[in-house]
Amino acid sequence: MSRFNGVDFYEIDSLLTPDEIAIRDSVRTWVEDRFLPLIEHAYDEAYFPREIIPEVAEMGLLGASLPEKYGCAGVSATAYGLAMQELERGDSGLRSFASVQGSLVMYPIYAYGSEEQRMKYLPRLAKAELIGCFGLTEPDHGSDPAGMTTRAVRVDGGFRLNGAKMWITNGTVSDIAVVWAKLKDEASGKERIRGFIVDCKAKGFSAPEQKRKHSLRASVTSELILQDVFVPEADLLPGVEGLKGPLGCLTQARFGIAFGVVGSAMACFHSATEYAKSRIMFGKPIGQFQLVQAKLAVMLTEITKAQLLCVQLGRIKERGNLQPAQVSLAKRNNCEIALQIAREARDVLGANGITSEYPVMRHMCNLESVYTYEGTHNIHTLVLGETITGLPAYR
Amino acid sequence: MLQLVCIKQVANTETRIKVAADGTTLDPSGVTWVLNVYDEFAVEEALRLKEALGAGEVVLASVGGAGVTTTLRNALAMGADRAVHLKTDDPAPDGLQVARALSALVTELQPGLVWMGKQAVDDDASAVGPMVAEMCGMPCVTVVCKAAIEGGVARLEREIEGGRELVEVPLPAVLTADKGLNEPRHASLKGIMAAKKKPIDERPAALGAPGLERLALELPPPRAAGRIVGEGVAAVPALVQALRDEAKVL
Ligand SMILES: Cc1cc2nc3c(=O)[nH]c(=O)nc-3n(C[C@H](O)[C@H](O)[C@H](O)COP(=O)(O)OP(=O)(O)OC[C@H]3O[C@@H](n4cnc5c(N)ncnc54)[C@H](O)[C@@H]3O)c2cc1C
C-alpha cells in the first residue's frame, strides 16, 4: 500500500500558511510513526494507549491554540483543526482525547476561569501532568442538557455537588473534571448552570468506566458519580452562567470535530482506493468497474467539499466572527459524509473490510459516536433550522 | 560549541520524477520537497549533543533556491537556533561548488563540528562532506552510526562491510550521518511556531566554477509488464524455465 499523503485535489494547501502545512505534516508523521503501530491492538482490547499521552503533550497537541503564556503552542485555529484531522486519521479516540483535554477542559478554564485558575491548571494540563474530563451529559439528559439534575448547593467555603453524569470521555483516567451543575442564585432564587473544577480524588466522587462499547473502543468513556462532593469556592468558574457556558466549549470541540472527521474519511478513502487498484475480481482490478469508481468519485468529492468548509471555518474563527451555527453546519455535514465514506469504503473492501487488517471498519464504528456526540446530527439540523427561520424546533 | 549542520532539500522519494526539457535537471513541477533523510539524523544528533552539553548553538546551512526556506524552517522547528541560506538559482550545482560555498561558511563560523548526511538521496554523490573537510583541513568521518563527543574528541562508530569500525578524531571535524545514528524527533507545534521567528541569514552562495558537467539525466527504462505463466503446482516448470531463460536469474 502506498503511503498516506492526505487528499488535496483542489490545491487546498495553497490556502494554508507554511506553518499550518508544517504542523499538519509533523502531526501526520508522528501519528504514522508512533500511534498507528499501537491502535489496532488497543482497539481490539478496548483500551486507550495511555503510554502515548506524554508524547501527545510533548508535540503540543493539548490546547494547541491557547496562548503561549499558559504553556500552549498558540497556533492558528486552522492549524489546530488540521492537527485534529491528523489525529483522527489515526483514530477518533486519539482525537477525542485531545479534544476533551483542549477544548472541553482547558478552554473553559481559559475562557471562564480566573487568572489564578488559568495559571494553576493550564500549564499542567498542557503537559498532561493533569488529565481532565467534561461532565455535561446525564443518563436522562443528552440532547437537552438544560434539563440536567446535577445540583450544587452553597456550603461553608464552597459548594456541595450531587448528581450523575454519563458518557464522559476520559472520566476514569482524569485528575480533574469540569462538571456543569445547577446552582441556586441567592439573590433571584433562580437556578443557573455553573461550571465547577472538581478534583477527581475528592470524597464522594467516583468514575466507573463504561465498558462493552462497539465504537470508540480505544477511548475511555465513564460515568461520573457525585455524592456530596465538596468543591472549594476557588474552583467555581467565575466567568459564565447558564447553558452558554458548556455550549461555548462545545463550539470549540465541534470545530475540531469538523476537521477531525475529514481525517477519518481520508484514511478510509485511501484504503478503498489502494484496495480497488490491487484487488482482482473477474480478471481485472475492481477499481476498473464503474460502480466502484462511482463510490471513489463521491468520496473524493465529499472530502474536497468538507476540506473547503473547514478551511473557511478556520479563517472565520481566526477573524473572530465565528457563529456557533456555522460550526453546526460543518460538524453536521462532515460527520455525515465521513460516516458515509467509511461505510462505502467498507463495502469496497468486501470481506477484508470487516477485519482489523484495514482501518476502515474501526473508523466506521468510531464515526457512529462522533455523529452522535457533541450534538447529534438531528440537533445540528435543528440549530440550522432555527438559524434559517428564527423558529426554534427543539421542543 | 557551535555546530554547523549542512542540509539539502531533495525531492520526496515517492515523487514521480520527470526530467526537465533541458535533459539534465529535474522537472520541479509537482515535486514535493523534503529534508534529505540522512540530514535529519545529522540535525537530530547535533541537537542531542547541544542538549547534553546544555550549551552551544546549532546553525543550519543550505545551498539552494528560494524554495529551500521551507526546509530550513522545518529543520529549525526541530530545535536548531538559526540558519544560513546560501542562495543560488542554479537548480543543480555540483558537489565541488556546494562544498566551496559551505567551506567559506565553515571558515567564517569556525564550528566545533560540521554535520551532514552521508549522502543526498537525490544524486547519491556522497561528495560534499569529504570535500568540505579537505578544503577546511579538518578530519572527516563518514557514515557515522554512533557518536560520543567529549572533551574535544569524537569517538565514532561506522557501519562497514560485516561489522563496525571504531574511530576517534579530534575536533573540529566533519561527520556524515548514517541511518541508525538516532531516531529524529517530530517537530512539535511549539517548535514550528518558534521557528517562524528564528533568523535565516540569506546571502549569495559562492559557488565558483563547476567541476563537472552533467551531460544527461535519464529515467530507467520502464519495466515490461509481468506475465502469469500458469496456476498452482502445474505452473512450476514453466516458471523455472522462464526464470532461467528469460529473466536469467537462476
Ligand atoms: C463515546 C461517547 C463519548 C461522549 N463523551 C462525552 C463527554 O465527554 N462529555 C459529555 O458531556 N457527553 C459526552 N457524550 C454524550 C453525548 O454528547 C450525548 O450522547 C449526545 O449529546 C446525545 O445524547 P443522548 O445520547 O442522550 O441521545 P438523546 O438526546 O436521547 O437522542 C437520541 C436520538 O433522538 C434524537 N433527538 C433528540 N431530541 C430531538 C429533537 N428535539 N428533535 C429531533 N431528534 C431528537 C437525537 O438526535 C438522537 O438521534 C459522549 C457520547 C459518546 C457516545
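As you go down the protein sequences, you meet chains A and B in turn.
Counting from 3, one number per residue, gives the positions in the first sequence under my numbering.
Counting from 60, one number per residue, gives the positions in the second sequence under my numbering.
Glycine residues also receive a C-beta, built at the ideal position from the N, C-alpha and C atoms.
CB contact below 9 Å: residue 289 (chain B) versus chain A: False, the Cβ-Cβ gap to chain A never drops below 9 Å.
Look at the Cβ atom of residue 239 (chain A), then the Cβ atom of residue 342 (chain A), and state whether they are nearer than 9 Å. Not in contact: residue 239 (chain A) and residue 342 (chain A) (Cβ atoms no closer than 9 Å).
For residue 180 (chain A) and residue 244 (chain A), believed in contact at Cβ under 8 Å, the rounded distance: Not really, about 15 Å apart at Cβ, beyond 8 Å.
Residue 136 (chain A) by DSSP, collapsed to three states: which one? Strand, per DSSP.
Flag residue 273 (chain B) as yes when its Cβ comes closer than 8 Å to any non-hydrogen atom of ligand 1, and as no otherwise. Residue 273 (chain B): no, Cβ never under 8 Å from ligand 1.
Which residues bound the beta strand (DSSP E) around residue 267 (chain B)? According to the DSSP assignment, residue 267 (chain B) belongs to no beta strand (DSSP E), since it is labelled neither H nor E.
Quick one: using the 10 Å Cβ neighbour count with 16 as the cut-off for buried, is residue 144 (chain B) buried or exposed? That one is buried.
When the cut-off is 9 Å and only beta carbons count, does residue 361 (chain A) lie next to chain B? By this cut-off, residue 361 (chain A) is not an interface position.
Less than 9 Å between CB atoms is the rule here; does residue 21 (chain A) satisfy it with respect to chain B? For residue 21 (chain A), the answer is yes, since a Cβ of chain B falls inside 9 Å of its Cβ.
Could you tell me which chain B residues have their CB closer than 7 Å to the CB of residue 28 (chain A), listed as they occur along the chain? Per Cβ cutoff of 7 Å: 245, 246, 251.
Residues that residue 18 (chain A) contacts on chain B, provided the C-beta gap is smaller than 8 Å: Residues of chain B with a Cβ closer than 8 Å to the Cβ of residue 18 (chain A) do not exist; the shortest Cβ-Cβ separation is about 12 Å.
In whole angstroms, give me the CA-to-CA distance for residue 103 (chain B) and residue 153 (chain B). Computed Cα separation, rounded: 26 Å.
Considering only the beta carbon of each residue, do residue 124 (chain A) and residue 73 (chain A) sit closer than 9 Å? At the C-beta level, residue 124 (chain A) and residue 73 (chain A) come within 9 Å of one another.
Could you list which residues in chain A have their beta carbon closer than 7 Å to that of residue 136 (chain B), in chain order? Scanning chain A for C-beta atoms nearer than 7 Å to the C-beta of residue 136 (chain B) yields 24, reported in chain order.
Ligand 1 and residue 168 (chain A): does any heavy atom of the ligand fall closer than 8 Å to the residue's C-beta? True, at least one ligand heavy atom lies under 8 Å from that Cβ.
7 Å Cβ shell around residue 234 (chain A) - same chain, five flanking residues per side excluded: For residue 234 (chain A), where only same-chain residues beyond five positions count, the Cβ hits under 7 Å are 159, 160.
Compare the beta carbon distance of residue 133 (chain A) and residue 176 (chain A) with 9 Å and say whether it is the shorter of the two. Their beta carbons are under 9 Å apart, which means residue 133 (chain A) touches residue 176 (chain A) by this criterion.
Enumerated in chain order, which unbroken segments of the beta strand (DSSP E) with a length of 3 residues or greater are wholly contained in the stretch 256 to 297 of chain A? Here no run is fully enclosed.
What residues in the stretch 280 to 307 of chain A bring their beta carbon closer than 9 Å to a beta carbon of chain B? Of all residues in the stretch 280 to 307 of chain A, none is placed with a Cβ closer than 9 Å to any Cβ belonging to chain B.
What residues from chain B crowd round residue 77 (chain A), counting only those whose CB sits closer than 7 Å? By Cβ distance, chain B contributes 248, 252.
Would you say the beta carbon of residue 14 (chain A) comes nearer than 8 Å to a heavy atom of ligand 1? Because no heavy atom of ligand 1 lies under 8 Å away, the Cβ of residue 14 (chain A) does not count as near it: no.
Give the list of continuous alpha helix (DSSP H) stretches no shorter than 4 residues that lie fully inside the stretch 178 to 264 of chain A. Along the length of the stretch 178 to 264 of chain A, whole alpha helix (DSSP H) runs at least 4 residues long do not occur.
With the cut-off set at 9 Å, would you say residue 252 (chain B) and residue 171 (chain B) are in Cβ contact? At least 9 Å separates the beta-carbon of residue 252 (chain B) from that of residue 171 (chain B).
Quick check on this structure: which residue in A:104, A:205, A:130 has the alpha carbon closest to the alpha carbon of residue 57 (chain A)? Ranking A:104, A:205, A:130 by Cα distance to residue 57 (chain A) puts A:130 first.
Starting from the C-beta of residue 1 (chain A), find all residues in its chain whose C-beta is less than 7 Å away, skip the five residues before and the five after it, and write them out in chain order. Summary: the structure shown does not reach residue 1 (chain A), with chain A confined to residues 3 through 397, and so no result is reported for it.
Anything in the stretch 84 to 117 of chain A with a Cβ closer than 8 Å to a Cβ of chain B? List those residues in chain order, please. The residues in question are 85.
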